[in-house]
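S.K.:
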Amino acid sequence: MTKTYQNLIDGELVSTDSTLEVVNPANEDVIGLVPSCGKDELDRAVAAARRAFKTWSKKPIEERRAVIMQISGIIKENADELHRLLTSEQGKPHQQAMGEILGASAMAGAQATLNLEEEITEDSDTRLSRTRRVPVGVVGGIVPWNFPVMMAMQKIAPAMLSGCTIVLKPSPFTPLATLRLAELIKDVVPAGVVNIITGPDELGPMITSHPDIDKITFTGSTATGKKIMEGASKDLKRITLELGGNDASIVLPDVDVEKVAEQLFWSSFQNAGQVCVAAKRVYIHEDIYDDLSKAIAEYAKTVKVGDGSQQGTGVGPIQNKKQYERVLELIQDAKDSGYQFLLGGEGGDPSGTGYYVPITILDNPPEDARIVAEEQFGPVMPLMKFSSEDEVIERANNSEYGLAGAVWTKDTERGVKIAEQLETGTVWVNEFMQLSPFAPFGGHKQSGFGAEYGKEGLLEFTYPQVITLKRDAAV
42 MTKTYQNLID GELVSTDSTL EVVNPANEDV IGLVPSCGKD ELDRAVAAAR
92 RAFKTWSKKP IEERRAVIMQ ISGIIKENAD ELHRLLTSEQ GKPHQQAMGE
142 ILGASAMAGA QATLNLEEEI TEDSDTRLSR TRRVPVGVVG GIVPWNFPVM
192 MAMQKIAPAM LSGCTIVLKP SPFTPLATLR LAELIKDVVP AGVVNIITGP
242 DELGPMITSH PDIDKITFTG STATGKKIME GASKDLKRIT LELGGNDASI
292 VLPDVDVEKV AEQLFWSSFQ NAGQVCVAAK RVYIHEDIYD DLSKAIAEYA
342 KTVKVGDGSQ QGTGVGPIQN KKQYERVLEL IQDAKDSGYQ FLLGGEGGDP
392 SGTGYYVPIT ILDNPPEDAR IVAEEQFGPV MPLMKFSSED EVIERANNSE
442 YGLAGAVWTK DTERGVKIAE QLETGTVWVN EFMQLSPFAP FGGHKQSGFG
492 AEYGKEGLLE FTYPQVITLK RDAAV
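In the working numbering, the protein residues as written are 42 to 516.
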């Protein structure tokens, strides 16, 4: 029997007459029905958030911190249920789903330890001037389908800690674990502080244009981010945009080929490549290109593609049909263009069940190939040769995106020097996808606007307010 889920509005679980179907990408079965909200439900949620803001924003930060820590604990206590639900709606293998759930718990708990200190800018005989941080108000959060629980919490936690309230919209493809979390925290979070509503894609622009929402925080594609920025400009909403990436990895000739092959594989293929900071362009020095490309392909043959709920699965399905068809189109374009494949290249089986794409590794396609120039967001890995550092740095930077990148080398000093020349918000040396709740995460160029995580991410939910006292004033 398909379960029907409810939204969280003003501290109550709420249903709607119309619903949306949620599909398991592993077998295309309908596994849940969720409310299909429109303007009326959004207005109710925003009004509740506006009322709650008046009291929540005035609570001491220690009280707000304590509630976030409770949420963190609830996620951890219910990790077994939540990670299985996450796999069923998103497709990622159980181990990776558990990593996301526990990561969301840990991230929320860590961010709850941050503070918003006042800064004294002048303390003289004549004047005391201090800068404090005040919450912006009601936040509209829009979450993607690749890491739905993690992305939800990286918006909810800093919003709550800053004193804001939030109306959160999960992706219609992956709302189930987030709605189950809403049920679990309903009696912990004061009414109206966190509201979670589901709906079709049309609900997103309604949130962006709503006159009583003060800030938008969005994770998703660059194309959608541009539309949000345009919509938010009408009433000068504050915005944080974490957008697309076409992340480059640079592999220098001194690496241990056998050791780095497995790490490079997972830097591209974790979550079936559906990671904004996955390695989507891998540049390998020509001296080791043949050996390393062969080692990656051989390791890839040992990884099972299949249902994420089945033991031994390493790479699950693409999350939804639209993205599945786009990845197949990119692979077909590469075939039609005559590019060489080290593995895969046959595409999926459109007549089969589930959105499975075989692991696909390309052998030195040109820079202007679509499968190199565009963000694949699927289990596709183009490998390219390079001969000099200056050349590869220029090629890596030749992108409209600038989210993340990586350098692999035994010479760490050399690796850091290369990292400092990459035009991205984050660069890893000898690791991948390592995000800290205490370090800012955001993109350069068309990969984003603003930051998440760390003190910088928390400040995104606040305004600076300067209060100046004139001492011994004659009034």
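Heads up, the beta-carbon is just placed ideally off N, CA and C, and yes, glycines get one too.
Which word fits D81, buried or exposed, when buried means at least 16 other C-beta atoms lie within 10 angstroms of its C-beta?
M.R.: Mapped onto the sequence shown, residue 81 falls at position 40. Looking at its Cβ environment, which holds fewer than 16 other Cβ atoms inside 10 Å, D81 is exposed.
S.K.: Let me see if you follow: with CB-CB separation under 8 Å, is D58 close to chain D or not?
M.R.: Reference to chain D is not applicable here, since this structure consists of a single protein chain.
S.K.: Just checking my contact of A273 with I257 at CB under 8 Å: how many whole Å lie between their CB atoms?
M.R.: Residue numbering aside, residue 273 sits at position 232 when the sequence shown is read from its first letter. Residue numbering aside, residue 257 sits at position 216 when the sequence shown is read from its first letter. With 8 Å as the limit, A273 and I257 qualify as a contact, their Cβ atoms being about 5 Å apart.
S.K.: Does the beta-carbon distance from R436 to Y324 come in below 8 Å?
M.R.: The residue given as residue 436 occupies position 395 in the sequence shown. The residue given as residue 324 occupies position 283 in the sequence shown. Contact: yes.
S.K.: Report the option in V398, G181, D288 and E387 whose CA atom is closest to the CA atom of M474.
M.R.: Taking the sequence shown and counting its residues from 1, one reaches residue 474 at position 433. Looking at the Cα atoms, D288 is the closest of the given residues.
S.K.: So, helix, strand or coil for G144, using DSSP?
M.R.: Locating residue 144 in the sequence shown gives position 103, counting from the first residue. G144 falls in the helix class under three-state DSSP.
S.K.: Kindly indicate which three-state DSSP category G233 falls into: helix, strand or coil?
M.R.: Taking the sequence shown and counting its residues from 1, one reaches residue 233 at position 192. Of the three classes helix, strand and coil, the one that applies to G233 here is coil, per DSSP.
S.K.: Contact defined as beta carbons within less than 8 Å: I believe P76 pairs with T57. What is the distance between those atoms, to the nearest angstrom?
M.R.: Taking the first residue of the sequence shown as position 1, residue 76 is located at position 35. Taking the first residue of the sequence shown as position 1, residue 57 is located at position 16. Right, their Cβ atoms sit about 4 Å apart.
S.K.: How is L430 classed by DSSP in three states: helix, strand or coil?
M.R.: As a first step, residue 430 must be located in the sequence shown, where it is residue number 389. As written in the sequence, residue 430 is Glu, which differs from the Leu given in the question. Of the three classes helix, strand and coil, the one that applies to E430 here is helix, per DSSP.
S.K.: Pick from A149, L169, M270 and V108: whose alpha carbon is nearest that of R512?
M.R.: Position 471 of the sequence shown holds residue 512. Of A149, L169, M270 and V108, the residue nearest in Cα terms is L169.
S.K.: Hey, is the region 258–278 in contact with the region 79–93, meaning 3+ C-beta pairs nearer than 8 Å?
M.R.: no
S.K.: Output needed for A145: all residues of its chain with C-beta closer than 7 Å, excluding positions within five of it in sequence on either side, in chain order.
M.R.: Counting from 1 along the sequence shown, the entry for residue 145 is found at position 104. Around A145: I116, V190, M191 and M194.
S.K.: Using DSSP bridges, identify the partner residues of D377.
M.R.: Along the sequence shown, read from residue 1 onward, the residue named residue 377 stands at position 336. Answer is none; D377 lacks a bridge partner.
S.K.: Start and end of the alpha helix (DSSP H) containing H251?
M.R.: Looking up residue 251 in the sequence shown gives position 210. Segment: none, H251 is in no alpha helix (DSSP H) and carries neither H nor E.
S.K.: Of all the options I337, S440, G484 and S429, which has the alpha carbon lying nearest to the alpha carbon of E416?
M.R.: The count along the sequence shown starts at 1 and reaches residue 416 at position 375. The option with the nearest alpha carbon to E416 is S440.
S.K.: Work out the CA separation of S477 and K451 for me, nearest whole Å.
M.R.: Your numbering for residue 451 matches position 410 in the sequence shown. Your numbering for residue 477 matches position 436 in the sequence shown. CA-CA distance, K451 to S477, rounds to 23 Å.
S.K.: Considering Cα atoms alone, identify which of V108, A313 and L424 is closest to I400.
M.R.: As a first step, residue 400 must be located in the sequence shown, where it is residue number 359. Among V108, A313 and L424, the Cα nearest to that of I400 is on A313.
S.K.: Report yes or no: do three or more beta-carbon pairs, one from the region 418–432 and one from the region 353–371, lie closer than 8 Å?
M.R.: Judged by Cβ distances under 8 Å, the region 418–432 makes contact with the region 353–371, as three or more pairs qualify.
S.K.: Within the same chain, show all residues whose beta-carbon is closer than 8 Å to that of W307, passing over the 5 residues directly before and after it, in chain order.
M.R.: Here residue 307 refers to the residue found at position 266 of the sequence shown. F473, listed in sequence order.
S.K.: Within 10 angstroms of the Cβ of Q31, are there 16 or more other Cβ atoms? Answer buried if so, exposed if not.
M.R.: Only positions 42 to 516 of the chain appear in this structure, which leaves residue 31 out of reach.
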